[in-house]
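Engineer:
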Amino acid sequence: MLSNSERRLEFRNYFQDNLGKRMVTDKIVKIIVISCVVIAIIPLGSILADVVRMGIEIISFEFLTALPGAAGSGDGGIANSIQGTFIMIGMTSVIGIPIGVLSGIYVSEYANSRVGKMIRFFNDVMMQFPSIVFGIFAFLFIVLVLGKFNLWAGAVALSLIMFPIIARTTEEALKLIPDTYREAGHALGLPKAVVTVKILLSAAKGGIITGIMLAVARIAGETAPLIMTILGSKGWFRGTETAMDALPLTIWRLSLLPYDEAVMFGWGAALVLITILLALNMSVRYLVLHRKGGSGSLGMFMRITGGKK
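My numbering applies: residue 93 is where the sequence shown begins, and numbers increase by one.
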């Protein structure tokens with residue numbers, strides 16, 4: 093029979109052996125994870141490096157502010173495409189963001205209801221559709237009905253791509269909030285709508301904003317739906333019921349031309365598009381998540397219930 097000191101010594105040796113094995117396993121897993129991250133970053137990094145290296149050569153004040161010149165001439169710019177991209181993102185966001193956020197809220201808070209299950213199924217199906225399907229839909233029901241290519245058709249097509257992404261990320265962000273937030277709000281007599289809008293959305297705003305920016309990045313690079321809805325134009329935006337241009341369309345058209353100048357313009361347009369998306373992402377996240385006076389869910393909850401932060 094082992095004495096107490098022998099038992100302690102045996103346990104210490106066992107613990108040290110087990111700790112050594114765990115440390116080795118931990119290091120191996122870290123190496124594997126880091127290797128996977130590096131492998132995933134290399135292709136993206138090489139693409140971004142090529143875009144920056146090739147696109148920076150063509151960037152100039154004229155390139156950013158002038159209308160397109162003759163094909164292959166090397167003159168003009170992509171100002172109308174930049175304008176069209178901002179307008180298209182704005183119009184699509186006006187349609188897609190409210191629908192996506194409201195759908196995500198309903199699915200999260202009423203997950204077991206028949207309507208909630210239908211919305212989740214609908215969102216899952218919509219996320220699997222190729223983008224060209226939405227372009228065809230908008231072409232058939234908007235372009236052909238109105239008899240012309242227009243902004244509304246493009247915005248509707250892109251919003252159908254946008255809102256399922258936002259709905260899913262909103263749902264997942266709300267699911268991460270502890271139920272104690274909901275229970276505390278209800279215990280204070282707050283209506284479910286107030287708890288959802290004032291407390292839960294505040295707590296989940298980081299995830300929701302991330303989902304919105306992912307959706308914006310997705311629609312900003314879509315080309316197929318725009319070919320069938322806004323077609324393209326070499327002039328400035330003239331109204332919601334006329335054809336217009338956007339950076340993805342410009343990049344697509346330039347890539348088809350057999351001129352070196354056109355290819356360089358395409359690289360420049362790609363760099364501008366990436367820069368716009370990066371600037372939008374950083375600006376929105378800063379304004380929403382780090383604005384002066386902004387607070388987390390606890391601060392919002394305290395203000396609603398009359399407490400002091």
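Note that beta-carbon positions come from the ideal geometry of N, C-alpha and C, so glycine has one too.
Note that the structure is a prediction, hence the values are computed from the model and not measured.
Helix, strand or coil, according to DSSP, for residue 168 in the structure here?
Structural biologist: Residue 168 falls in the strand class under three-state DSSP.
Engineer: How far does the alpha helix (DSSP H) with residue 274 in it extend, from its first residue to its last?
Structural biologist: 271-279 is the extent of the alpha helix (DSSP H) around residue 274.
Engineer: Per DSSP, which residues does residue 160 bridge with? Please list them.
Structural biologist: Beta-bridge pairing links residue 160 to 168.
Engineer: Using the C-alpha atoms, what's the distance from residue 180 back to residue 316?
Structural biologist: Their Cα atoms are separated by approximately 14 Å.
Engineer: Give every residue of the same chain whose Cβ lies closer than 6 Å to the Cβ of residue 359, excluding the five residues on either side of it in the sequence, and list them in chain order.
Structural biologist: Contacts found: 146 and 147.
Engineer: Does the contact criterion of 3 or more C-beta pairs under 8 Å hold for the region 333-344 versus the region 221-229?
Structural biologist: Contact fails: fewer than three Cβ-Cβ distances are below 8 Å.
Engineer: Alpha carbon to alpha carbon, how far is residue 134 from residue 161? Give it in angstroms, no decimals.
Structural biologist: For residue 161 and residue 134, the distance between alpha carbons rounds to 36 Å.
Engineer: May I ask you to report which of helix, strand or coil DSSP gives residue 183?
Structural biologist: Three-state DSSP puts residue 183 in a helix.
Engineer: From this set, 379, 259, 321 and 363, which residue's C-alpha is nearest residue 229's C-alpha?
Structural biologist: Per the Cα distances, 321.
Engineer: With the cut-off set at 8 Å, would you say residue 254 and residue 319 are in Cβ contact?
Structural biologist: No, Cβ-Cβ distance for residue 254 and residue 319 is not below 8 Å.
Engineer: Say whether the region 345-362 touches the region 266-282, bearing in mind that this needs 3 or more beta-carbon pairs closer than 8 Å, one atom from each stretch.
Structural biologist: At 8 Å Cβ cutoff, the stretches do not touch.
Engineer: Per the contact definition of three or more C-beta pairs closer than 8 Å, is the region 247-263 in contact with the region 174-189?
Structural biologist: Because the criterion of three Cβ pairs below 8 Å is met, the region 174-189 and the region 247-263 touch.
Engineer: How many angstroms separate the CA atom of residue 236 from the CA atom of residue 226?
Structural biologist: Looking at the two C-alpha atoms, the distance is approximately 14 Å.
Engineer: So residue 302 is in the alpha helix (DSSP H); what residue range does that whole segment cover?
Structural biologist: Its alpha helix (DSSP H) spans residues 297-312.
Engineer: Looking only at its own chain, which residues have a Cβ that is under 7 Å from the Cβ of residue 208, when we skip the five neighbours before and after it?
Structural biologist: So the list reads 198, 199 and 202, once near-sequence residues are dropped.
Engineer: For residue 366, I'd like the list of residues in its chain whose CB is within less than 8 Å of its CB, leaving aside the five on either flank, ordered along the chain.
Structural biologist: The answer, listed in chain order, is 140 and 143.
Engineer: By a C-beta neighbour count over all protein chains shown, 10 Å radius and 16 as the cutoff for buried, is residue 149 buried or exposed?
Structural biologist: Looking at its Cβ environment, which holds fewer than 16 other Cβ atoms inside 10 Å, residue 149 is exposed.
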